[in-house]
Structures are given as C-alpha cells and as structure tokens.
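Numbering (the numbering used here), first residue to last: 273 to 453. Backbone N, C-alpha and C define an ideal beta-carbon position, used for all residues, glycine too.
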C-alpha cells in the first residue's frame, strides 16, 4: 500500500489562495457598508480666521493703603492675596479660603515658615507661612479647599497648591504681610 504525499509547495499555494479569497470577501463586505459620498457644496466658504478675544482678563487692583515696597497684601473682604514686587508691580494674585478666625487689619512680618505639617483642622498641609498671633497661609497636600466646619476655630488661610508654592517662594522670613479690610 503506497501513500502519496502532497508536497509542501502545494500546501503553500492552497493556503495562499485561501488567504486571498478571505481578504477579497472581507473587502467586498466592507465596501457595502461604506457611507455614500457627500458632495462638496458649491458655495463653500473658507472658515473664518481666529481673532483675538475681545474679553480682557479681570484685573484685581491692589487695595489702597496696603503699604509700599515688596510685600504680601491680604484683603479680608475680597478673600484675595497679592504678591507685590519691589517695583510695585503685582507678581501674582489669587483667591484664598480663610478660616473663621481672621487676623486683625495691620502690618505683620512673616514670623516663621514650616514646609509641612498638620493644620489646626487636622488636614496635612504644606508651605505654611505664619504671621501675627494665630494666622498662617498654607495649602492642603491634596489641594482640596477646607470643609466649612464652624466648630473648629482656625486662623488658617488656605490657597491652591500652585498659589501656596508661589507664596512660599515669595514670602521669606521678614517679608511684610499687609492685612486690609
């Protein structure tokens, strides 16, 4: 009994033909599901060129009677801080979340700074800048705003992480903080 073997070349040709047939079948199926061509509009116009915005960013003027020279200005009523350079220009301004024990209006030197710790509300903080008797700027490590909790008396003034880092870099020991109404 003799067995005939089919050569490997024949098998290769059979597999190649089967693969081509499968690809052809799939391409026909895909072309049937193709969306109809959309005719170009004869009156198509080029899209308008972008124009600069006409709305200007809001400018927050430094409060009057907030001192002179390089300083930090904190407005109790606006809940806003300004970092003022030696040339009297605003290096940065930002809003803050004050605690429920506000500092008195006045001029205070930065008393000390703490890179990290725990705030009086139990939240992990960074870049704490202390001034006056019970006040400090800081930001929560996770960047969250403080939860309103009237039972915890705190002089903490919280800011965003980016603003906290900027204030930390600006308000070195001896820098004055002017608190205005």
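- Contact between the region 379 to 390 and the region 417 to 433 is absent: fewer than three C-beta pairs spanning the two stretches fall below 8 Å.
- When the five nearest sequence neighbours on each side are left out, the beta carbons in the same chain lying within less than 8 Å of the beta carbon of residue 402 are those of 382, 383, 384, 385, 386, 408, in order along the chain.
- Contact between residue 368 and residue 406 is absent: CB atoms are separated by about 16 Å, not below the 8 Å threshold.
- DSSP, reduced to helix, strand and coil, places residue 405 outside both helices and strands of the structure shown, so it counts as coil.
- Residue environment for residue 281: exposed (fewer than 16 other C-beta atoms within 10 angstroms of its C-beta).
- Each residue's CA atom was taken as its position, placing residue 292 and residue 322 some 50 Å apart.
- Considering only 393, 433, 438, the residue with the shortest C-alpha distance to residue 426 is 393.
- In the three-state scheme derived from DSSP, where H, G and I count as helix and E and B as strand, residue 385 is classed as strand.
- Residue environment analysis places residue 441 among the exposed positions, since fewer than 16 neighbouring C-beta atoms fall within 10 angstroms of its C-beta.
- Beta-bridge partners of residue 332 (DSSP): none assigned.
- About 7 Å separates the Cβ atoms of residue 339 and residue 448, confirming a contact at the 8 Å cut-off.
- Given a length threshold of 4 residues, the region 336 to 399 has no whole run of the alpha helix (DSSP H) inside it.
- Comparing alpha carbon positions, the residue from 366, 380, 346 closest to residue 331 is 366.
- Taking 8 Å as the cut-off, the beta carbon of residue 355 is found no closer than this to the beta carbon of residue 452.
- In the displayed model, residue 443 falls within coil according to three-state DSSP, outside both helix and strand.
- Going by DSSP, residue 295 is part of the alpha helix (DSSP H) stretching over 280 to 304.
- Rounded to the nearest angstrom, the gap between the Cα atoms of residue 343 and residue 335 is 13 Å.
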